[in-house]
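Colleague: Going letter by letter, the sequence shown gives residues 1 to 266 in UniProt numbering. From the three backbone atoms N, C-alpha and C, an ideal C-beta is built for every residue, glycine too. Mind looking over this structure? Questions follow.
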Amino acid sequence: MQRKATPDYHNFRSKLRRQVIPDASSETQHCNENTAGPSNASHPATAEKPYDVIEVGDTEVDQVDDDQYNLSDAKYIETDSSDEDISPYRNYLESNASFREKLRYWAHSFSIPHSALNVLLFILNNNQVSQLPKDSRTILQTNRTPVQTVAIGTGQFWYNGIKKCLMQHFRNTVPRVDNISLNVSIYRLPLHRSSSSQFWPILINIHEMPEVPVLKVAIFSGTSKPDDLELYLRPFVSELNELQDHGITLNRKRLKVRIRVVIAVW
């Protein structure tokens, strides 16, 4: 848990920085004056480490008066605040999924751009971390087949499906629960300020598993809301009724499915 720093801590940190991290400008001047050789050059200025607590001896600085202690005894210690960031994703990251699957999960969860993922794959492959593809589309399993859409009024409608979304996400991992409750969201998503183009997605997430990213069941694209609600909602409602009646098998585990809430901004 990250500790709240006191004023004494900030004063101490300033004093410590002045002693162990010289000012960059004075450091540069000192280096220019001593150009005879490496032995006369001073050490380069070092950026302050982004740690939250400084420890002197056996005592943490943010709890004591810094004037009692010798600054030469000071050292930085890390806090465990990163655990809070990992917590929602820990179950999957500690599962038996492969390194490639966990990398794909990370990229999807944080919406990592393809260009950034390509650079990461290049670094990992060059350092022989693991046998990974060179292209982000391979590891993300991007579907390269043409998207099938149907016309609804003046717009186009793409239906991916609840079952397909769930089976694709859990294809290499077993759900940790026996029952899933779906939160459904339907709302308008404007695409540009200068035009009326908009999406009307149907999204779901699993209430019992917040680490699972939001899944895209369907998307309507047009210049206004869908003209025909029957055509827009019928595939979703029919599949949802079937799943509630018969459940779903995900990676050889049978689960019951129910609706928890529907949030629609129409």
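What's the call for Ser-136, buried or exposed, on a 16-neighbour Cβ count within 10 Å?
Modeller: By one-based count along the sequence shown, residue 136 stands at place 136. With 16 or more other Cβ atoms within 10 Å, it is buried.
Colleague: Determine the DSSP secondary structure at Cys-31, reduced to helix, strand or coil.
Modeller: In the sequence shown, counting from the first residue as 1, residue 31 sits at position 31. With a pLDDT of only 45 at Cys-31, under the threshold of 50, the placement of this residue in the model should not be trusted; the figure read from the coordinates follows. Helix.
Colleague: Give me, in chain order, the residues of the same chain whose beta-carbon lies closer than 7 Å to that of Leu-132; leave out the 5 immediate sequence neighbours on both sides.
Modeller: Taking the sequence shown and counting its residues from 1, one reaches residue 132 at position 132. Counting only Cβ-Cβ distances below 7 Å, and skipping sequence neighbours, we find Arg-100, Leu-121, Leu-124, Asn-125, Ile-139.
Colleague: Kindly list the residues whose CB is nearer than 8 Å to the CB of Thr-154, restricted to its own chain and excluding five residues on each side of it in sequence; keep chain order.
Modeller: Working through the sequence shown from its first residue, we reach residue 154 at position 154. Cβ neighbours of Thr-154 beyond the five flanking positions: Gly-222, Thr-223, Ser-224, Asp-227.
Colleague: Take the Cβ of Leu-93 as the centre, count every other Cβ of all protein chains shown within 10 Å, and call the residue buried at 16 or more, exposed below.
Modeller: Stepping through the sequence shown from its first residue, residue 93 is reached at position 93. By the neighbour-count rule (16 or more Cβ atoms within 10 Å), Leu-93 is not buried but exposed.
Colleague: Rounded to whole angstroms, what's the CA-CA distance from Leu-255 to Pro-213? Just pull it up for me.
Modeller: Residue 255 sits at position 255 when you count from the first residue of the sequence shown. Residue 213 sits at position 213 when you count from the first residue of the sequence shown. Answer to the nearest angstrom: the Cα atoms are 19 Å apart.
Colleague: Since Ala-151 is in the beta strand (DSSP E), which residue starts that stretch and which ends it?
Modeller: Taking the first residue of the sequence shown as position 1, residue 151 is located at position 151. It spans 150-152 - the beta strand (DSSP E) in which Ala-151 sits, taken as one unbroken run.
Colleague: Over what stretch of residues does the alpha helix (DSSP H) that includes Leu-231 continue unbroken?
Modeller: Counting from one through the sequence shown, the residue named residue 231 turns up at place 231. Here the alpha helix (DSSP H) through Leu-231 covers 229-246.
Colleague: Determine which residues share a DSSP beta bridge with Lys-256 and list them.
Modeller: Within the sequence shown, the letter at position 256 stands for residue 256. Lys-256 is bridged to Asn-179.
Colleague: Identify, in the order they occur along the chain, each residue of the same chain with its Cβ nearer than 6 Å to the Cβ of Phe-199, setting aside the five sequence neighbours on each side.
Modeller: Within the sequence shown, residue 199 is the residue found at index 199, counting from 1. These residues qualify, in order along the chain: Leu-189, Ile-219, Ser-221.
Colleague: Applying the criterion that 16 or more other CB atoms from any shown protein chain within 10 Å of the CB defines a buried residue, is His-169 buried or exposed?
Modeller: By 1-based counting over the sequence shown, the position of residue 169 is 169. Under this definition His-169 is a buried residue.
Colleague: Just to confirm, are Glu-208 and Val-177 a CB contact at a threshold of 8 Å?
Modeller: Within the sequence shown, residue 208 is the residue found at index 208, counting from 1. Within the sequence shown, residue 177 is the residue found at index 177, counting from 1. In contact: Glu-208 and Val-177 (Cβ atoms closer than 8 Å).
Colleague: Could you give the first and the last residue of the continuous alpha helix (DSSP H) run that contains Leu-121?
Modeller: Mapped onto the sequence shown, residue 121 falls at position 121. First-last of the alpha helix (DSSP H) with Leu-121: 114-126.
Colleague: Short check: CB of Ser-109 to CB of Asn-172, under 8 Å?
Modeller: Within the sequence shown, residue 109 is the residue found at index 109, counting from 1. Within the sequence shown, residue 172 is the residue found at index 172, counting from 1. Not in contact: Ser-109 and Asn-172 (Cβ atoms no closer than 8 Å).
Colleague: Drop a sphere of 10 angstroms on the beta-carbon of Tyr-187, count the other beta-carbons inside from all chains shown, and report buried for 16 or more, exposed for fewer.
Modeller: The sequence position of residue 187 within the sequence shown is 187, counting from 1. Tyr-187 is exposed by the Cβ-count criterion.
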